[in-house]
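In full-length UniProt numbering, the protein residues as written are 1 to 436.
We put the beta carbon where it would ideally sit given N, CA and C, even for glycine.
All of these numbers come straight from a predicted model, not from anything done at the bench.
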Amino acid sequence: MAVDRSELLAKVDWERGEVSADIFIDEDIYRLELERLFSRAWLFLAHDTMIPKPGDFLNTYMGGDPVLVARQRDGSVKAYLNACRHRGMKVCRAEDGNTKHFMCTYHGWTYDIAGNLVNVPNEHDAYHGELPKEEFGLKQVAQIDSYKGLIFATFDADAPPLLEYLGDSVYYIDAWVDHVPGGIEVLPGVVKWTIHGNWKIAAEQFAGDGYHVNVTHMSSLAQISNTDLYTGPSPAGFQFSSRLGHGYSGIYNQPSRFEDGAADYRTQRMQTAIDRLGPERANTVGNFTVFPNLSGLPGQSNLRVWHPKGPNTFQIWSWTVVDRDAPEEVKRAQQLSSTLTEGAAGTVEVDDGENWDLMGQLLQDGYQTRLLKWNYQMGLGHETDDHATLPGRINEMYFGEGPQRAFYRRWLEFMTSEKWPHCDDFDDDWSKKVNR
């Protein structure tokens with residue numbers, strides 16, 4: 001059954017801070033997400049260091065569609081559907097590797113690293129030499145681009161350039177990917193696990209939910225703090241909300257959780273980061289989401305993507321990210337720390353997974369539960385678009401739900417638009433609603 005536009009508009013009231021619970025479980029809404037959100041938005045594919053050499057490739061997803069990302073002979077990167085043009089079978093089932101071609105294991109159609117169809121069994125007898133191979137290469141993404149090593153793509157030829165899509169968020173992304181001259185690298189190995197819940201819950205949490213930390217992760221934090229975490233005040237920090245749906249939350253002067261060697265390295269590199277970024281960004285540890293489904297925990301050296309697998313199932317793909325020029329022992333310490341806290345069985349990660357899974361179960365089994373309006377009103381009316389130093393809409397507290405409201409506003413715009421949802425196409429008095 002098609003989703004009516006007026007129905008969707010009634011489900012997300014970003015001005016009041018209310019969101020209908022059924023957007024996290026409805027099958028028709030999920031199918032519309034695949035069409036209008038994941039087939040249009042710029043989606044993260046890989047980091048340059050994951051495919052450094054010509055012929056390197058990896059398998060990923062854009063929404064529900066399998067995609068191959070491959071380094072070309074000239075150093076450029078291409079991305080195309082991992083679906084043979086003959087019967088739609090995957091042409092590559094390996095997670096990653098290096099190759100000169102991909103051969104479909106169903107009928108043997110073979111494609112080069114650029115996605116061109118180069119060999120077809122029985123081309124000259126069964127096809128009588130009449131098959132227009134140039135028309136049946138693997139379907140390419142409409143646009144592909146990168147920002148400081150982060151590779152994104154979109155299936156929408158009308159989407160704005162990547163830098164425009166990222167907007168003010170690059171100021172905060174730089175604090176992670178550009179805090180040292182050598183930049184970052186993604187260490188080999190991806191950890192994947194499945195949650196029975198909705199991908200948006202995880203994405204919005206990383207965009208700005210610092211509020212859950214003291215309760216959800218109480219047992220973990222109690223080991224490193226003597227503070228009464230449940231009744232304690234909001235930590236000193238801030239939140240960034242983007243009109244484009246991106247979000248960031250940061251705590252000032254957060255101590256490192258790494259092992260001693262890595263902590264020493266972090267202290268040594270701090271002055272370099274201050275010189276490049278200024279003290280405000282250099283001294284902040286936080287979490288972010290690039291709309292819709294790329295998130296990270298720079299303080300825990302963690303990068304992740306939320307891959308939707310249905311209205312009530314998603315996969316987490318998680319990598320460890322380190323400074324490219326850091327000593328090897330520091331990289332190992334950071335990888336160990338990231339795995340122990342943010343891995344599939346990490347001390348922190350299991351808390352989040354339990355919440356997301358139980359929320360999904362309640363929505364799956366219930367009826368009245370789906371009728372609820374969830375509250376997103378924290379900090380509403382207490383943000384500013386005119387911060388002295390920080391771009392975007394800023395909440396000068398670490399606790400708030402401005403990033404979540406911005407996330408769902410942008411989600412709603414994608415979902416209710418039949419073409420690319422330019423912000424100017426909407427009745428946008430964004431700044432006037434700050435101090436109502």
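Sub-8 Å separation of residue i and residue j beta-carbons
i, j, result
"THR320", "LEU187", "yes"
"ALA203", "SER295", "yes"
"SER249", "TYR80", "no"
"SER318", "ASN302", "yes"
"TRP14", "ARG405", "yes"
"MET89", "THR110", "no"
"LEU150", "VAL180", "no"
"LYS53", "ASN116", "no"
"ARG16", "GLY245", "no"
"GLU401", "GLY379", "yes"
"PRO308", "TRP199", "yes"
"GLY64", "LEU34", "yes"
"GLY247", "PHE407", "yes"
Distance between residue j and residue i (C-alpha atoms, nearest Å)
i, j, result
"ASP357", "HIS196", "5 Å"
"ASN375", "GLN239", "18 Å"
"THR416", "ARG5", "6 Å"
"PHE258", "SER338", "Interpretation of PHE258 is limited by its pLDDT of 49, a score under 50 that renders its predicted location unreliable; no figure is taken from the coordinates."
"GLY353", "ILE25", "17 Å"
"ALA222", "THR347", "12 Å"
"LYS11", "LEU32", "14 Å"
"ILE51", "ARG243", "32 Å"
"ALA236", "VAL190", "33 Å"
"ASP168", "SER241", "9 Å"
"ALA262", "GLU185", "16 Å"
"GLU18", "TYR127", "59 Å"
"ASN435", "LEU8", "Confidence at ASN435 is low in this model, with a pLDDT of 32, below 50, so its placement is unreliable and the value that follows should be read with caution. For ASN435 and LEU8, the distance between alpha carbons rounds to 26 Å."
"ASP28", "PRO311", "9 Å"
"VAL350", "GLN315", "14 Å"
"ARG73", "ASP22", "47 Å"
"LYS419", "ASP156", "9 Å"
"GLY360", "ARG276", "43 Å"
"ALA207", "ASP48", "24 Å"
"PRO132", "LEU58", "28 Å"
"THR194", "ASP386", "40 Å"
"GLU342", "GLU134", "45 Å"
"ALA114", "PRO421", "31 Å"
"ARG266", "VAL330", "9 Å"
"PHE136", "ASP112", "12 Å"
"ARG71", "LEU43", "18 Å"
"LEU166", "VAL290", "8 Å"
"ALA2", "GLU130", "41 Å"
"LYS100", "ARG93", "15 Å"
"GLU396", "THR216", "23 Å"
Element boundaries [alpha helix (DSSP H), containing residue i]
i, result
"ASP56", "It is not in any alpha helix (DSSP H) - ASP56 instead sits in the beta strand (DSSP E) that spans 56-62."
"ASN302", "From DSSP, ASN302 is part of no alpha helix (DSSP H) but of the beta strand (DSSP E) over 302-308."
"residue 463", "Because the chain in this structure spans residues 1 to 436, residue 463 falls outside the shown range and cannot be described."
"GLU95", "Per DSSP, GLU95 belongs to no alpha helix (DSSP H) and is neither H nor E."
"residue 443", "With the chain running from 1 to 436 in the structure shown, residue 443 is simply not present."
"GLY402", "402-415"
"GLN140", "Here GLN140 belongs to no alpha helix (DSSP H), and DSSP marks it neither H nor E."
"LYS331", "328-342"
"LEU244", "First-last for LEU244: undefined, no H or E at that position."
"VAL215", "213-216"
"ARG281", "279-282"
Identity of the residues DSSP links to residue i by a beta bridge
i, result
"GLN239", "SER249 and ASN395"
"ASN119", "THR110"
"ASP65", "MET62"
"residue 452", "One cannot answer for residue 452 here, as it falls past the ends of the chain, which runs 1 to 436."
"ASN375", "GLU18"
"ASN13", "It is worth fixing the name first, because residue 13 is Asp in this sequence and not Asn. According to DSSP, which records beta bridges pairwise, ASP13 is partnered with GLU18."
"ASN287", "SER249"
"TYR265", "TYR265 is not bridged to any residue."
"PHE44", "PHE152"
"GLY296", "PHE288 and LEU303"
"ARG71", "VAL77"
"residue 450", "This structure cannot speak to residue 450, because the chain is shown only from 1 to 436."
"TYR127", "DSSP output for TYR127 lists no bridge partner at all."
First and last residue of the uninterrupted beta strand (DSSP E) at residue i
i, result
"GLN315", "314-323"
"ALA79", "77-81"
"ILE184", "184-186"
"MET103", "101-103"
"ILE195", "191-195"
Distance cut-off 7 Å: residue i Cβ against heavy atoms of the ligand NAD
i, result
"CYS84", "With respect to the ligand NAD, the structure shown offers nothing to examine, as it has no ligands at all."
| message | With three or more C-beta pairs closer than 8 Å as the rule, is the stretch 364-373 touching the stretch 171-183? | response | No, the stretch 171-183 does not touch the stretch 364-373.
| Stretch pair the stretch 313-327 + the stretch 276-292: three plus CB contacts closer than 8 Å | The stretch 313-327 makes no contact with the stretch 276-292; the number of CB pairs closer than 8 Å stays below 3.
| message | Using a Cβ distance threshold of 8 Å, determine whether the stretch 32-39 contacts the stretch 383-397, with at least three qualifying pairs required. | response | The stretch 32-39 is not in contact with the stretch 383-397.
| query | Within the chosen definition, does the stretch 160-171 reach the stretch 140-150 through at least 3 CB pairs nearer than 8 Å? | reply | Contact check between the stretch 160-171 and the stretch 140-150: three or more CB pairs, one atom from each, fall below 8 Å, which counts as touching.
| message | Across the stretch 79-98 and the stretch 208-221, are there enough close Cβ pairs to call them in contact, namely three or more that are closer than 8 Å? | response | With a cut-off of 8 Å, the stretch 208-221 and the stretch 79-98 do not count as touching, because too few Cβ pairs lie within range.
| Are the stretch 208-216 and the stretch 116-130 touching by the rule of at least three beta carbon pairs closer than 8 Å? | No contact exists between the stretch 208-216 and the stretch 116-130.
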